[in-house]
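Residue numbers (our numbering): 579 to 748.
The beta-carbon is built from N, C-alpha and C at its ideal position, and this holds for glycine as well.
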């Protein structure tokens, strides 16, 4: 915006200086509207008006810019529940079963974990079956479950006290 104002002021200055020193024929040739005859003020106003119109054509009108570049989108950074860390160690406070949102019906096995960052959060335990109890240590990573509200982290299998999923033998 500052450069736009500077260019307008410099254009007005050049018009004023040339109008003072030049005769009327040169003045009307300099202005965009040669039909306007009058004093220095009207000539300057017409010159500034044509300068603004030229800048609008050069930079594009609002509708053209919207069509070419799209509307302004405010991007929000995704917030990591672990404060930017990839993993966090946690101690199980209690095991809970959470119910998912509407179309889904299976219960989700979760644990309430006190993380090393000091937060208490609900973490999902993936896979079938687990043997987690109070005071067990688990490793958690960020990753929410879409159909279960409030669950934003997951436990990692085969780390600390959470073993791998046991294969069923037929």
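Leaving out the 5 sequence neighbours to the left and right, which residues in its chain are closer than 7 Å to residue i when beta-carbon positions are compared?
i	result
residue 727	679
residue 732	701, 702, 704, 718, 719, 721
residue 641	none
residue 673	689, 710
residue 599	In this predicted model, residue 599 has a pLDDT of only 49, less than 50, meaning its place in the structure is not dependable; the value taken from the coordinates is given anyway. Cβ neighbours of residue 599 beyond the five flanking positions: none.
Just to confirm the assignment, what range does the alpha helix (DSSP H) spanning residue i have?
i	result
residue 676	Per DSSP, residue 676 belongs to no alpha helix (DSSP H); it is in the beta strand (DSSP E), 665 to 676.
Report the partner residues of residue i according to the DSSP bridge assignment.
i	result
residue 690	672, 700
residue 643	In the DSSP output, where bridge partners are listed per residue, residue 643 has none listed.
residue 717	667
Residue i and residue j look like a contact to me (Cβ under 8 Å); what is the Cβ gap, rounded to whole Å?
i	j	result
residue 660	residue 689	So it is not a contact: roughly 16 Å between Cβ atoms.
Quick one: what's got a C-beta closer than 8 Å to residue i's C-beta in the same chain, skipping five residues either side?
i	result
residue 645	none
Near residue i, which residues of its chain fall below 6 Å by C-beta distance, leaving aside the five closest residues on each side in sequence?
i	result
residue 736	742
residue 604	Per-residue confidence for residue 604 stands at a pLDDT of 48, beneath the threshold of 50, marking its modelled position as unreliable; the derived number appears in the next sentence. So the list is empty, once near-sequence residues are dropped.
Kindly provide the ranges of any beta strand (DSSP E) runs that are 3 or more residues long and lie completely inside the segment 719 to 746, ordered along the chain.
731 to 733
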